[in-house]
Amino acid sequence: MGTFKYRKIANLLQAEIIASGAQPGSRIPTEDDLVRRFAMSRNTIRQAVSELVKQGFLVRVQGSGTFLADRVAEYREKKRATNGTRRIGIVLNQVNSYIFPSVLTGINNTLLERDCHMVIRMTMNHVSIERRVLEEILAGELSGVLIEPARCSLPQANDDLYRLIEKKIPCVLIHGSLPGFTFPSVNHDNARAYALLVDHLVEKGHRRIAALMKMDEQTGVERYKGYVRTLIRHGITVDEQRILWYTDEDFPDLFSEQNAYRVLKTIKNCTAVACFNDDLAVHLLSFLEQHGMSVPRDISVVGYDNLWQSQRYRPVTTINHAKEEFGRISAMAILTLLDNPFADVSYRFTPEFLDHGSVADVTGAGEERL
């Protein structure tokens, strides 16, 4: 997000070039001139110029120097389109439950501080609703948009509309990415984070670890990758019978009486269960209690997001989701993109592991559970 010295210099240099009115093909100052102007090391200046070359803003000609690329004209056009009052579209799968109110608060506070107006839409993670929302975005007059793609782990049903947005409107994706598109994204390193959870389970002696994973969200697929890769790294065979996949449509009845056998079959003979997120973990804890099992005495449970509002259950070991900060970073990403359409605003949060004591140490205990 522009925190490195060379990126700050790149942004300053770009701003100077635009303010000067220089045209494509114009030569920029020499490296020596830039070192003196910005009072930075030659290496920092070289990295800054390379960053602008990477963005397509500058082009190097061997033996001649570095020049403004044709893309400068495209930059000026996009810059003019975002002048005046900025209206930012916010498209989320949900806005009123789980982590989303806090994420939205972070976005809202950041945009309000910069006198931006928000236009909020919710897709319920349905591609048909998403299509109507994307059509509305394209027909409107938004300066930029933050989008949480619907069903982004599945083949993209609305790629035609995303292609139009890619050409017309500055856009940052959150909680996911779209292969084949150039959209920057703000996300967690889900695979790495989930590896921390599985590492913890293995360190506590667990080798038969069930997983309850969401298949219609990219975050679920990435967490599954972390689960599988970590088991393999520890020499543990991946057993598909210990993996239960579900979708948004499945969730309301996942732990119902008629589906109890599916869950019980998945966790049978397992000493631990890795949940897609803490919302799922809350429902699992209730389910386990109904079937006479206690956490972590009878079985260990881990989750993701660190959102525990229920006073009935103690929190499970999890990965923290810095919800308001996530919203703030996302808002800053789209604002930065409005000021510089070619800036690298993608951001990955470093995983923060939180041990809430829901994992029993079964080292040497034979793992005979359930």
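Counting in our numbering, the sequence shown runs from 785 upward without gaps. Quick reminder that beta carbons are idealized off the backbone N, C-alpha and C, glycines included.
Discussion item. Let me check understanding here. Comparing Cα to Cα, which of LYS988, MET824 and ASN971 lies closest to ILE793?
Written reply: As a position in the sequence shown, residue 793 is number 9, starting the count at 1. Checking every option, the nearest Cα to that of ILE793 belongs to MET824.
Worksheet entry | Exposed unless 16 or more other CB atoms sit within 10 angstroms - verdict on PRO1036 | Walking along the sequence shown from the start, residue 1036 turns up at place 252. Label assigned to PRO1036: exposed.
Worksheet entry | Helix, strand or coil at VAL917 according to DSSP, with G and I counted as helix | As a position in the sequence shown, residue 917 is number 133, starting the count at 1. The answer is helix: DSSP assigns VAL917 an H, G or I state.
Worksheet item: Can you check whether the CB of ALA1058 is closer than 7 angstroms to the CB of ILE1103?
Response: Working through the sequence shown from its first residue, we reach residue 1103 at position 319. Working through the sequence shown from its first residue, we reach residue 1058 at position 274. Going by C-beta atoms, ILE1103 is not nearer than 7 angstroms to ALA1058.
Worksheet item: Could you give the distance in angstroms between the alpha-carbon of HIS910 and the alpha-carbon of PRO808?
Response: Residue 910 sits at position 126 when you count from the first residue of the sequence shown. Residue 808 sits at position 24 when you count from the first residue of the sequence shown. Taking the straight line from one Cα to the other gives about 44 angstroms.
Fill in: Alpha-carbon spacing of VAL819 relative to PHE1126, whole angstroms
Residue mapping note: residue 819 aligns to position 35 of the sequence shown, counting from 1. Residue mapping note: residue 1126 aligns to position 342 of the sequence shown, counting from 1. Their Cα atoms are separated by approximately 23 angstroms.
Worksheet item: When you compare only the Cα positions, how much space is there between LEU980 and PHE1137?
Response: Within the sequence shown, numbered from 1, the residue matching residue 980 stands at position 196. Within the sequence shown, numbered from 1, the residue matching residue 1137 stands at position 353. Just so you know, the alpha carbons of LEU980 and PHE1137 end up roughly 7 angstroms apart.
Worksheet item: By Cβ distance, which residues of its chain are closer than 6 angstroms to ASN877, with the 5 residues on each side in sequence left out?
Response: Locating residue 877 in the sequence shown gives position 93, counting from the first residue. Taken in chain order, the residues that qualify are THR907, ASN909 and GLU932.
Discussion item. Is the beta carbon of GLY1019 closer than 7 angstroms to that of ALA975?
Written reply: Residue numbering aside, residue 975 sits at position 191 when the sequence shown is read from its first letter. Residue numbering aside, residue 1019 sits at position 235 when the sequence shown is read from its first letter. For ALA975 and GLY1019, no; Cβs fall outside 7 angstroms.
Worksheet entry | Boundaries (first-last residue) of the beta strand (DSSP E) holding PHE1133 | As a first step, residue 1133 is located in the sequence shown; it is residue number 349 there, counting from the start. Bounds of the beta strand (DSSP E) holding PHE1133 are 1131-1133.
Practice prompt. Would you kindly report the start and end of the unbroken beta strand (DSSP E) that includes MET906?
Written response: Numbered from 1 along the sequence shown, position 122 holds the residue referred to as residue 906. It spans 901-906 - the beta strand (DSSP E) in which MET906 sits, taken as one unbroken run.
Worksheet item: For VAL956, which of LEU1122, PHE1133 and GLY1141 has the nearest alpha-carbon?
Response: Numbered from its first residue, the sequence shown carries residue 956 at position 172. Nearest option by C-alpha distance: LEU1122.
Practice prompt. Between the Cα of GLY1148 and those of PRO813, ALA806 and GLY989, spot the shortest distance and give me the residue it belongs to.
Written response: Counted from its first residue, the sequence shown places residue 1148 at position 364. Selected option, being the one with the closest Cα: GLY989.
Worksheet item: Are the beta-carbon atoms of LEU996 and LEU1064 separated by less than 7 angstroms?
Response: Taking the first residue of the sequence shown as 1, we reach residue 996 at position 212. Taking the first residue of the sequence shown as 1, we reach residue 1064 at position 280. For the pair LEU996 and LEU1064, the CB atoms are nearer than the 7 angstroms cut-off.
Discussion item. Tell me the DSSP secondary structure of THR889 in three-state form.
Written reply: As a working note, residue 889 is residue 105 in the sequence shown. Three-state DSSP puts THR889 in a helix.
Discussion item. Alpha carbons only, please: which of GLU925, SER1130, ALA1117 and GLU1109 is nearest the one belonging to LEU888?
Written reply: The count along the sequence shown starts at 1 and reaches residue 888 at position 104. When only C-alpha atoms are compared, the closest one is GLU1109.
Worksheet item: Does DSSP put SER912 in a helix, a strand or coil?
Response: Counted from its first residue, the sequence shown places residue 912 at position 128. The answer is helix: DSSP assigns SER912 an H, G or I state.
Discussion item. For VAL1143 and ARG1017, what's the separation of their Cα atoms in angstroms?
Written reply: The residue labelled residue 1143 in the question sits at position 359 within the sequence shown. The residue labelled residue 1017 in the question sits at position 233 within the sequence shown. Taking C-alpha positions only, VAL1143 is separated from ARG1017 by approximately 20 angstroms.
Item to complete: With DSSP collapsed to three states, give me the class of PHE884.
Response: The count along the sequence shown starts at 1 and reaches residue 884 at position 100. Note: PHE884 maps to helix in three-state DSSP.
Worksheet item: From ASP1062 to LEU896, what does the alpha carbon distance come to, in whole angstroms?
Response: Taking the sequence shown and counting its residues from 1, one reaches residue 1062 at position 278. Taking the sequence shown and counting its residues from 1, one reaches residue 896 at position 112. It is roughly 30 angstroms from the alpha-carbon of ASP1062 to the alpha-carbon of LEU896.
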